[in-house]
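J.: Before I ask anything, here is the structure I am working with.
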Amino acid sequence: MQHPQHFSANSFGKDFLWGVAIAAAQNEGAHTADGRGLSIWDTFSRRPGKIKGGAKPYEACDFYHRYKDDLMLVKALGFKVFRFSISWSRILPEGIGRVNKEGIAFYHRLIDECLLLGLVPYVTLYHWDLPQELQRNGGWTSHQMLKWFTRFVTVCCEEYGGKVKNWIILNEPMGFTSLGYMLGVHAPGKTGISNFFSAVHNAALCQAEGGRLVRALVPGANIGTTFSCSEVMPYTQREEDILAAKRADALLNRLFIEPALGRGYPQVDHFPLLDKLHLHNKAWKYTERMRFNFDFIGIQNYFSLTVRYNALIPYLHASEVKAATRKVPHTAMGWEINADSFYRMIKRFWLYGGVKEIIVTEGGAAFKDTMVNGVVDDADRIDYFKQYLQAVLRAKKEGVNVNGYFAWTLTDNFEWSEGYHPRFGLIHVDFATQLRTIKNSGYWFRDFMRGS
Ligand code: IFM
Numbered sequence: 027m028q029h030p031q032h033f034s035a036n037s038f039g040k041d042f043l044w045g046v047a048i049a050a051a052q053n054e055g056a057h058t059a060d061g062r063g064l065s066i067w068d069t070f071s072r073r074p075g076k077i078k079g080g081a082k083p084y085e086a087c088d089f090y091h092r093y094k095d096d097l098m099l100v101k102a103l104g105f106k107v108f109r110f111s112i113s114w115s116r117i118l119p120e121g122i123g124r125v126n127k128e129g130i131a132f133y134h135r136l137i138d139e140c141l142l143l144g145l146v147p148y149v150t151l152y153h154w155d156l157p158q159e160l161q162r163n164g165g166w167t168s169h170q171m172l173k174w175f176t177r178f179v180t181v182c183c184e185e186y187g188g189k190v191k192n193w194i195i196l197n198e199p200m201g202f203t204s205l206g207y208m209l210g211v212h213a214p215g216k217t218g219i220s221n222f223f224s225a226v227h228n229a230a231l232c233q234a235e236g237g238r239l240v241r242a243l244v245p246g247a248n249i250g251t252t253f254s255c256s257e258v259m260p261y262t263q264r265e266e267d268i269l270a271a272k273r274a275d276a277l278l279n280r281l282f283i284e285p286a287l288g289r290g291y292p293q294v295d296h297f298p299l300l301d302k303l304h305l306h307n308k309a310w311k312y313t314e315r316m317r318f319n320f321d322f323i324g325i326q327n328y329f330s331l332t333v334r335y336n337a338l339i340p341y342l343h344a345s346e347v348k349a350a351t352r353k354v355p356h357t358a359m360g361w362e363i364n365a366d367s368f369y370r371m372i373k374r375f376w377l378y379g380g381v382k383e384i385i386v387t388e389g390g391a392a393f394k395d396t397m398v399n400g401v402v403d404d405a406d407r408i409d410y411f412k413q414y415l416q417a418v419l420r421a422k423k424e425g426v427n428v429n430g431y432f433a434w435t436l437t438d439n440f441e442w443s444e445g446y447h448p449r450f451g452l453i454h455v456d457f458a459t460q461l462r463t464i465k466n467s468g469y470w471f472r473d474f475m476r477g478s
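The following block contains the structure:
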């Protein structure tokens, strides 16, 4: 995609929300401090071979103790919005029941500090760190999930609803249900279709019921939820590859937005997995309950995907043809860089109808950053942001109500099963000392938002 020589935040209009996002399990650390209970990521990371390099999220970026300094950096870079998530087990160590006053106090301090600095908090309720105690009783596969989630959301709204107006119910439900409950590569490491089906259904219900609860408990709330999305392209124009792409698309892009919009789970011809999902969850009974009129939806696009038919892959019968194999630009995660595809995904979500506003609630990339004489000259990340922001602007100019971009992420952090190796931050972290160094992409963002 071409981008003009001079391109700044001014082009997006004065009301466009410029933000930066983090997540509790990836940033806070302090995993047993002040009465916090364990989350599924604390226990999962103890299992040999599950996290690269045997990394643990126990300390992460120590945001729990360094939040004031980190918020100063958010401010210094010029962001207006700060998106963070609440660690469920920090405020409810057993997931339900007893409230941990110190945990509650931490988020009051964090929110107050945001407000003091003039940063608008966007609070994610669930960003993948289920309390371990709830996982012992089945976690997202349990019929009790909605009851547990209701308790958590109620505590959050009652505590923070007077100060926080912007709420995000779930972060990428397709991510945590597929990676954590089908493929077993994320916490809690469960596998199998039946676990996946139950987790999907409970997540779809919690997404909508959570929205209704926030609406009831927080007057004037602005409520969203986020979806991962990836355009899926067939490797060839052979029918078997085209159908493989359609199946992958239904799972990756349609599984959660369509129930939220009141359409129920997607259906695709010749994809018996989805028929099974409908049956397993008695989906016809739940169309209304899975629907919620979100004020905004968050979309998060990290890669586009090329797939081909593969009879050996159960159910899906499709496998990825990697970006490196196809020799197309990609990040350090091996994820294809394709801003045109991002533009098409924004348009596609908008064209569903029923979506009132879109915010890009995460966008960013990992690259092999190197520090030379205290400088991280991450030109590839700057170029990435230029391309992806240009895609947002193009969609906006064509009438899509896309009103915000939250960079992922503030500091390098714990990248789930990839450990600390992939670096997504605008700010470099030396994990041995916790020293922060603003990367050139951080400075670039600052200048871009200043309009210079
Ligand atoms: O780090 C994650 C984040 O937690 C959810 N969205 C994708 C990011 C990059 O993998």
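Following the numbering used here, the numbering of the sequence shown begins with 27 at its first residue and continues without gaps.
Here a beta-carbon is modelled for each residue, glycine too, at the ideal position from N, C-alpha and C.
None of the values given here were measured: they were computed from a predicted structure.
(1) For Glu346, I'd like the list of residues in its chain whose CB is within less than 8 Å of its CB, leaving aside the five on either flank, ordered along the chain.
(2) Quick one: Cα of Ile372 to Cα of Ala344, how far?
(3) Please confirm whether Gly61 and Glu128 have their CB atoms less than 8 Å apart.
(4) Excluding the 5 residues flanking Gln28 on each side, which residues of the same chain have their C-beta closer than 6 Å to its C-beta?
(5) In the structure shown, what three-state DSSP assignment does Ser224 receive?
(6) Which value, in whole angstroms, describes the spacing of the CA atoms of Gly246 and Leu145?
(7) Enumerated in chain order, which unbroken segments of the beta strand (DSSP E) with a length of 3 residues or greater are wholly contained in the stretch 338-426?
(8) Sorted by chain position, which residues of the same chain lie with C-beta nearer than 7 Å to Phe474's C-beta, five sequence neighbours on each side aside?
(9) Check each candidate in Phe450, Glu444 and Ser254 and name the one with the smallest Cα separation from Asp406.
(10) Tell me whether Gln326 sits in a helix, a strand or coil according to DSSP, three-state version.
(11) Following the continuous alpha helix (DSSP H) through Met475, name the residue where it begins and the one where it ends.
(12) Looking at the ligand IFM, does it come within less than 7 Å of Tyr446, judged from the CB to the closest heavy atom?
(13) Taking Cβ to Cβ, would you say His212 is nearer than 8 Å to Phe202?
(14) Thinking C-alpha only, which one of Ile384, Ala270 and Lys348 is nearest Pro340?
(15) Using DSSP bridges, identify the partner residues of Asn192.
(16) If you reduce the DSSP assignment to three classes, tell me which class His9 lands in.
(17) With a threshold of 7 Å, establish whether the CB of Phe108 neighbours any heavy atom of the ligand IFM.
(18) Report buried or exposed for Lys465, applying the criterion of at least 16 other Cβ atoms within 10 angstroms of its Cβ.
(19) Is the number of C-beta pairs between the stretch 61-73 and the stretch 146-156 that are closer than 8 Å three or more?
(20) Contact check, Ala86 vs Asn53 under 8 Å by CB: the rounded distance?
(21) Quick check: what's the CA-CA separation for Ala47 versus Glu185?
(22) So Leu300 and Tyr291 are in contact, right, with Cβ under 8 Å, and what is the actual spacing, rounded?
(23) Below 8 Å on the Cβ atoms is my contact criterion, and I expect Phe110 with Thr150 to pass it. Report the Cβ-Cβ distance as a whole number of Å.
(24) Check whether the Cβ of Glu388 sits closer than 7 Å to any heavy atom of the ligand IFM, and report yes or no.
(25) Drop a sphere of 10 angstroms on the beta-carbon of Asn439, count the other beta-carbons inside from all chains shown, and report buried for 16 or more, exposed for fewer.
(26) What first and last residue would you give for the alpha helix (DSSP H) that runs through Trp174?
(27) Can Ala433 be considered in contact with the ligand IFM, in the sense that its beta carbon sits closer than 7 Å to one or more heavy atoms?
(28) With a 10 Å radius around its C-beta and 16 neighbouring C-beta atoms as the bar for buried, classify Ala131 as buried or exposed.
(29) Any idea what DSSP makes of Arg109, helix, strand or coil?
(30) On the DSSP letters alone, give me the boundaries of the alpha helix (DSSP H) that Arg116 sits inside.
(31) At a cut-off of 7 Å, is Ala86 close to the ligand IFM when judged by its beta-carbon and the heavy atoms of the ligand?
(32) If I'm right that Glu198 touches Gln326 with Cβ under 8 Å, what's the distance once you round it to whole angstroms?
T.: Reading from the atomic positions:
(1) Close CB contacts of Glu346 within its chain, under the 8 Å cut and outside five residues either way in sequence, are with Leu331, Thr332 and Val333 (chain order).
(2) 24 Å
(3) yes
(4) Caution applies to Gln28, whose pLDDT of 49 falls short of 50 and renders its modelled position unreliable; the value that the coordinates give is listed next. None.
(5) helix
(6) 18 Å
(7) 344-346 and 384-389
(8) Counting only Cβ-Cβ distances below 7 Å, and skipping sequence neighbours, we find Ser34 and Ala35.
(9) Of Phe450, Glu444 and Ser254, the residue nearest in Cα terms is Phe450.
(10) strand
(11) Asn466 to Arg476
(12) no
(13) yes
(14) Comparing Cα positions, the closest option is Ala270.
(15) Tyr148 and Asn248
(16) The displayed coordinates of the chain run from 27 to 478. Any statement about residue 9 would go beyond what the structure contains.
(17) no
(18) buried
(19) yes
(20) Contact flag correct, Cβ pair sits at about 5 Å.
(21) 21 Å
(22) 7 Å
(23) 7 Å
(24) yes
(25) It counts as buried.
(26) Met171 to Tyr186
(27) no
(28) So Ala131 ends up on the exposed side.
(29) strand
(30) Trp114 to Ile117
(31) Incorrect: Ala86 has no Cβ contact closer than 7 Å to the ligand IFM.
(32) Confirmed, about 6 Å.
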